[in-house]
Amino acid sequence: MNCFEARQEFSALWRKTATAERRAELLAHLKGCEKCDHAFRVFALTAPVLHGEMERDAARVSRPARREFSLADRPRRFASVSREVALSRQPIRWLAMSAAAAIFVFAASTAYLSTRTPNEPLGEALSIPETSMNSETAGDPLAPEMPMTESDLAS
Amino acid sequence: MLGLSARSREWWRLSAKPDEELIAEVLGGDSGAFTELAGRHRPRVERLCRRFFSDEEMARDIAQESFIRAYTALATYRAEMPFGGWLRAIVVNLCYDELRRRRRRPEELVGDFSAPEVQWMQTANVASPEEIVGDAEERREAYDLAHRLLDTLKPEDRMVMVLKESEDMSVSDIAETLGWSEAKVKIRAFRARQALRKQAERMLAAGRNRLQS
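Top line first, the protein sequences correspond to chains E and P.
Numbering follows our numbering, with no gaps: position 72 of the first sequence is 269.
Numbering follows our numbering, with no gaps: position 57 of the second sequence is 257.
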């Protein structure tokens, strides 16, 4: 095996796909050739990513269970695609927004009508018309005090 | 298929179909067929993403994003090329965009190495080739350091390096996937190999120095 052939076999040695014979030839060459031995050491520094079995490497890192494909499960970084996907869902979104707006308007109106002050001015609201000054208002603690008459003084 | 649940029957029905039939079903409105299609290609897609990014979460995010892109653009797929190749082009372009987005400088390589990383660098210096292969399998540091080395490359160089070395793609395939000329791919590959060798030599030397001190 010459140097060129040996370097072609680096990847097969790393991936363990070389035949036993080729593997032995390569190892023998590396033992005798300083340049190829050094080249293999340089190769080994990047081989875990460029020539490794990534499933096995990834398994070494703890990872959650594999997810099923789902459009809702998209990363937030990719806004452009999110927009594309969102466009296809617009009818549902508009329906939800309209319902939310209607509920808000109804709730706000109810709250306003239940707490609003009378329209008439304050002076008018506090003054009591003369027609209402009858016996029915006598027991009212809030009714204005009536002037005393002569019969009251006699008793 | 007596005794199987409806879901199992559906799985059997879909798993027996080739990609093209599944695509036709997706375009016909059956999104369940895309789940089967994605499941088929997910290992390859995730493996490719992990060659670009050491961060596992990032790799899976980009893989997921690739499937979303494929789903939304499925109507533009033409059956002249295999679905796997079409999907790979989407993955590669997404990875390329992400690499360009977070472009790194070569100076970042020379930094602090952890004790396990130094151990691995020393192994790469002195152990026999068989020991190196065996040791790399057991060490997460080997994987991380390889990523650090590749991070020193320009995004264009890294793309070419990964596609050529890992995916065994030809120059013309890479050129077509990235929309470059073949000459550009060749030049990038040459420069990438040179730059990577230079950085790896530095890393080996750092391991040797630690060994001697």
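Cβ atoms here follow ideal geometry from the backbone N, Cα and C, with glycine treated the same way.
Can you give me the Cβ contacts of residue i inside the same chain, cut-off strictly under 8 Å, excluding the 5 residues immediately before and after it?
{"i": "P:Phe283", "result": "Asp219, Glu220, Ile223, Leu237, His241, Tyr277"}
{"i": "E:Ala215", "result": "Glu206, Ala209, Leu223"}
{"i": "E:Ala308", "result": "none"}
Within a Cβ cutoff of 7 Å, which residues of the same chain sit near residue i, ignoring the five residues on either side of it in sequence?
{"i": "P:Leu227", "result": "Leu274, Ala275"}
{"i": "P:Cys249", "result": "Ala259, Ile262, Ala263, Val291, Cys295"}
{"i": "P:Val245", "result": "Ala263, Ser266, Leu287, Val291"}
{"i": "P:Ser372", "result": "Glu382"}
{"i": "P:Ala324", "result": "Ile332, Leu404, Gly407"}
{"i": "E:His226", "result": "Met198, Ala203, Cys233"}
Here's the rule: buried if 16 or more other CB atoms are within 10 angstroms of the residue's CB, otherwise exposed. What is residue i?
{"i": "P:Ile262", "result": "buried"}
{"i": "E:Lys213", "result": "exposed"}
{"i": "E:Thr200", "result": "The residue you asked about is not Thr; residue 200 of chain E is Cys in the sequence shown. With fewer than 16 other Cβ atoms within 10 Å, it is exposed."}
{"i": "E:Lys228", "result": "exposed"}
{"i": "E:Val302", "result": "exposed"}
{"i": "P:Gly407", "result": "buried"}
{"i": "P:Asp344", "result": "buried"}
{"i": "P:Thr331", "result": "Here the sequence assigns Glu to residue 331 of chain P, which means Thr is not the residue at that position. Exposed: under 16 other Cβ atoms inside 10 Å."}
{"i": "E:Gly249", "result": "buried"}
{"i": "P:Arg388", "result": "buried"}
{"i": "P:Arg301", "result": "exposed"}
{"i": "E:Arg263", "result": "Any reading at E:Arg263 must be qualified, since the residue scores a pLDDT of 49, below 50, and its modelled position is unreliable; the value itself is stated next. E:Arg263 comes out exposed."}
{"i": "P:Pro243", "result": "exposed"}
{"i": "P:Thr352", "result": "buried"}
{"i": "E:Ile300", "result": "exposed"}
For residue i, which of the options has the nearest alpha-carbon?
{"i": "P:Ala392", "options": "P:Ser372, P:Asn409, P:Leu349, P:Ala324", "result": "P:Leu349"}
{"i": "E:Pro245", "options": "P:Ala383, P:Gly232, P:Trp320", "result": "P:Trp320"}
{"i": "E:Glu218", "options": "E:Tyr309, E:Ser306, E:Ala203", "result": "E:Ala203"}
{"i": "P:Phe234", "options": "P:Leu353, P:Thr272, P:Asn293", "result": "P:Thr272"}
{"i": "P:Leu299", "options": "P:Asp357, P:Ala405, P:Asn409, P:Phe390", "result": "P:Asp357"}
{"i": "P:Glu367", "options": "P:Phe252, P:Thr323, P:Ala270", "result": "P:Phe252"}
{"i": "P:Lys398", "options": "E:Glu231, E:Leu242, E:Ala293", "result": "E:Leu242"}
{"i": "E:Arg162", "options": "E:Trp291, E:Leu247, E:Ala304, E:Met198", "result": "Absent from the structure is residue 162 of chain E, since the part of chain E shown begins at 198 and ends at 352."}
{"i": "E:Asp234", "options": "P:Ala327, P:Ile387, P:Asp297", "result": "P:Ala327"}
Who are the near neighbours of residue i in its chain, counting only those whose CB is closer than 6 Å to its CB and skipping five residues on each side?
{"i": "P:Ser370", "result": "none"}
{"i": "P:Leu396", "result": "none"}
{"i": "P:Ala270", "result": "Leu287, Ile290"}
{"i": "P:Arg410", "result": "Val318"}
{"i": "P:Thr377", "result": "Ala289, Val292"}
Exercise. At a Cβ cut of 9 Å, what residues of the segment 229–252 of chain E count as close to chain P, listed as they run along the chain?
Worked result: Asp234, His235, Ala236, Phe237, Arg238, Val239, Phe240, Ala241, Leu242, Thr243, Ala244, Pro245, Val246, Leu247, His248, Gly249, Glu250, Met251, Glu252
Exercise. Enumerated in chain order, which unbroken segments of the alpha helix (DSSP H) with a length of 4 residues or greater are wholly contained in the segment 244–322 of chain P?
Worked result: 256–272, 283–301
For this session: Could you name the residues of the segment 205–230 of chain E whose beta carbon sits closer than 7 Å to any beta carbon of chain P, in the order they occur along the chain?
Result: Leu210, Trp211, Leu224, Leu227
For this session: Check distances from the C-beta atoms of the segment 349–375 of chain P to those of chain A and list, in chain order, the residues that come in under 8 Å.
Result: Structure shown: chain A not included; protein chains present are E and P.
Problem set entry | Contact list for the segment 384–411 of chain P against chain E, Cβ threshold 8 Å | Leu396, Arg397, Ala400, Glu401, Met403, Leu404
Exercise. Whole alpha helix (DSSP H) runs in the segment 325–405 of chain P with 4 or more residues, listed along the chain?
Worked result: 329–338, 340–351, 355–361, 371–378
For this session: Residues of the segment 270–287 of chain P with a CB closer than 8 Å to any CB of chain E: list them in chain order, please.
Result: Tyr271, Thr272
For this session: Could you list the residues in the segment 228–239 of chain P with a C-beta less than 8 Å from some C-beta on chain E, going in chain order?
Result: Phe234, Thr235, Ala238, Gly239
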